[in-house]
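One line per chain: the protein sequences are X and S, in this order. Start counting the first sequence at 21; every next residue gets the next number (our numbering). Start counting the second sequence at 21; every next residue gets the next number (our numbering). First comes the structure, then the notes that go with it.
Number of protein chains: 2
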Amino acid sequence: MLNAENGETIAMWNNHSTRRFFAREDRYVNNAPSGSAGRLIHLLKLIATGPHVFSLSALAERAQLPASTVHRLLKELMQAGFVERGTGQLYRPGRELHRMASQLVAKFDLIRSARPFLDDLVEKWRETAVLCAYSPVNRNAVIADTIATPHPLRFTVEAGREISLPWGALGRAILAFLPAGEIEAVIREAKFGPLSGKPRSPRALIEADLDQIRQQHYSRFYDPENDIAGIASPIFGSNGEVLGCIGVTMPSNRYQRHLEDDLAIATLEAAQHISELAAIAYS
Amino acid sequence: MLNAENGETIAMWNNHSTRRFFAREDRYVNNAPSGSAGRLIHLLKLIATGPHVFSLSALAERAQLPASTVHRLLKELMQAGFVERGTGQLYRPGRELHRMASQLVAKFDLIRSARPFLDDLVEKWRETAVLCAYSPVNRNAVIADTIATPHPLRFTVEAGREISLPWGALGRAILAFLPAGEIEAVIREAKFGPLSGKPRSPRALIEADLDQIRQQHYSRFYDPENDIAGIASPIFGSNGEVLGCIGVTMPSNRYQRHLEDDLAIATLEAAQHISELAAIAYS
DNA sequence: CACATAATTTCCGTATAATGGAATTAATCT
DNA sequence: AGATTAATTCCATTATACGGAAATTATGTG
């Protein structure tokens, strides 16, 4: 579907007779922002996310922007040291960008702060521990760090994978503590479960679950159908905003009832300790 | 001097009769970039460097830009999640910016990678070990991390302080391996030593020193007049670009000749190991 | 609590700088 | 060396940035 659109677009560029019939916004059917500033941010995010070296055309393709525009913005980024030239005609993130990133991360590094707690959880409970970072713009969470269970049977959870908020312990631990408007938007956007592919559970059920999560400050998830279960607890920043969550996941048939309360308390305490670290860092 | 200029500028704004006589570039006598993209980068750097919460007016002042312009750009940054609102009318760096920074740093964290080598140096030599990061745009270096000697007599070296390249072991270890044009520019800009306040040594002397540093891959500095001495070695990225340096500094009267070769080798090896880590991270 | 003051935010005419397609140049492949 | 592909520059068009002034909101004060 997307490919078909692209093909059509390219055909247009090479066909002078039809070009005039299409308004500018038709040529780039995309969600790329307009305006120099917005586009620059857009590129920065792609550069941070993408491969360490990249060509102009590859970036332009990913950004869904014309090459000449990307070239102009790359010049600005280069002048600022946010981008540098590699060998040949390749670009790469610049040392200035790394410096800025280090400065920001040095103030409070969620991953570094959470590491010892992940270690602890895995050692005590012998199940995979996961740290999620919330992305307010994408309205999802990203797996920031994880330590796998020593069990041979385990899910492969790689850092960087995106997590949708309305499903699972990790997502809901975050979702429950977002501002009402944001919860609203997340639920409206979500239609089908990522694992099951089935339509999401009715609104009232989700709301009830979120209420309970807000009271307990941790979320449980138990889904024998997909053989997955977990517990997670939210991490807050110095202003009470949700930074992400820390949790433990396992196959549902290892989820033993008699451990549940202790595991929940351990997860909750880990989350609270990490939140305290964030508060101290910004005081 | 700067204050006087500001005062004059403000007077102009309130005086309609004189306004027309001044071209736009006269009103903001500064080095703030023009154009939306450049200004956005400018703001990003200030936000990363500055305090964790800030007001619009404070940022506008630091950026040397009109409040309305800063406000418009902050709106863009907020939409991208790079900036968020704090309590009251304050702003703060956003979670999206932190996420991006983490992604970048996760690929290769100079500070984290260098930590064990700093530890080693301090333990073996009992002198302050320093990690510097090179900033290509500012053409200086910044102290990224440091571990102090256990000696009661020591320099206070704080992370974040800027280091000028033409003086000292740390600066010259970096300077020697910059591209010829950049060395040229750095030396031309530098006029007086930061410690002594005396004019810099003649060009030929510096060049000779840099030649030797390039051969040995480490720099020595011994200045009994200011009671400071040190040894440093450059750290390279995967494309051969200088990322910074690692070094050891001490009062000149603790600098014992018989240790020199061993200390130099230890510093050099630390730097080479860190460079290897960078190369692996980006392969 | 109303008032005064200082900040933020919106508005809007002007002018500049962003835009993207085409032409040009440079790099890479065969 | 010629062919092919990608990067870079050019330039007419116009959307967008710009910043001063006005409106609004927050903050301090008697």
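The beta-carbon is built from N, C-alpha and C at its ideal position, and this holds for glycine as well.
{"Item": "H72/X and Y275/S closer than 8 angstroms at C-beta", "Value": "no"}
{"Item": "Rounded C-alpha distance that separates A87/X from M98/X", "Value": "16 angstroms"}
{"Item": "Candidates R223/X, A252/X, P271/X and F256/X, of which the one nearest E245/X by Cα", "Value": "P271/X"}
{"Item": "Contact with chain S by V206/X, beta-carbon distance below 8 angstroms", "Value": "no"}
{"Item": "8 angstroms Cβ cutoff met for A252/X and Y238/X", "Value": "yes"}
{"Item": "Neighbour flag for T287/X against chain S, beta carbons, 8 angstroms", "Value": "no"}
{"Item": "Beta-carbon proximity of I207/S to I226/S, cut-off 8 angstroms", "Value": "yes"}
{"Item": "Entirely enclosed alpha helix (DSSP H) segments - the segment 82 to 109 of chain X, minimum 4 residues", "Value": "87 to 99"}
{"Item": "8 angstroms Cβ shell around T287/X - same chain, five flanking residues per side excluded", "Value": "L141, Y238, I251, A252, S253, I266, G267 and V268"}
{"Item": "Option in R59/S, Q109/S and N51/S with minimal Cα separation from S77/S", "Value": "Q109/S"}
{"Item": "Pairwise C-alpha distance: A134/X and L64/X", "Value": "26 angstroms"}
{"Item": "The alpha helix (DSSP H) enclosing R115/X, as first and last residue numbers", "Value": "R115 to K127"}
{"Item": "Cβ-based contacts, 7 angstroms cut-off: residues of the segment 144 to 159 of chain X near chain S", "Value": "A153, Y154, S155, P156 and V157"}
{"Item": "Residue from A126/S, A57/S, A83/S and R223/S whose Cα sits closest to the Cα of N51/S", "Value": "A83/S"}
{"Item": "Whether I167/X touches D139/X by CB criterion (8 angstroms)", "Value": "yes"}
{"Item": "S258/X, buried or exposed, once every other Cβ within 10 Å from all chains shown has been counted against 16", "Value": "buried"}
{"Item": "Interface flag, Q123/X vs chain S, CB-CB below 8 angstroms", "Value": "yes"}
{"Item": "Classification of H118/S by the beta-carbon crowding that lies within 10 angstroms, buried from 16 upward", "Value": "buried"}
{"Item": "Backbone CA spacing between S56/S and L93/X [nearest angstrom]", "Value": "11 angstroms"}
{"Item": "Burial state of E147/X, where buried means 16 or more other Cβ atoms lie within 10 Å", "Value": "buried"}
{"Item": "Within-8 angstroms CB hit, L64/S to chain X", "Value": "yes"}
{"Item": "C-alpha distance - T169/X paired with A149/X, whole-angstrom precision", "Value": "8 angstroms"}
{"Item": "Reduced DSSP secondary structure (H/G/I, E/B, other) of N246/S", "Value": "coil"}
{"Item": "Within chain X, the residues that G101/S reaches when beta carbons sit closer than 8 angstroms", "Value": "S155, P156 and V157"}
{"Item": "H62/X CB to nearest heavy atom of the ligand ZN below 7 angstroms", "Value": "Absent from the structure shown: the ligand ZN. Ligands present: none."}
{"Item": "Minimum Cβ-Cβ distance from E96/S to chain X less than 8 angstroms", "Value": "yes"}
{"Item": "N-terminal and C-terminal residue of the beta strand (DSSP E) that S155/X is part of", "Value": "T148 to S155"}
{"Item": "Three-state secondary structure assigned by DSSP to T287/S", "Value": "helix"}
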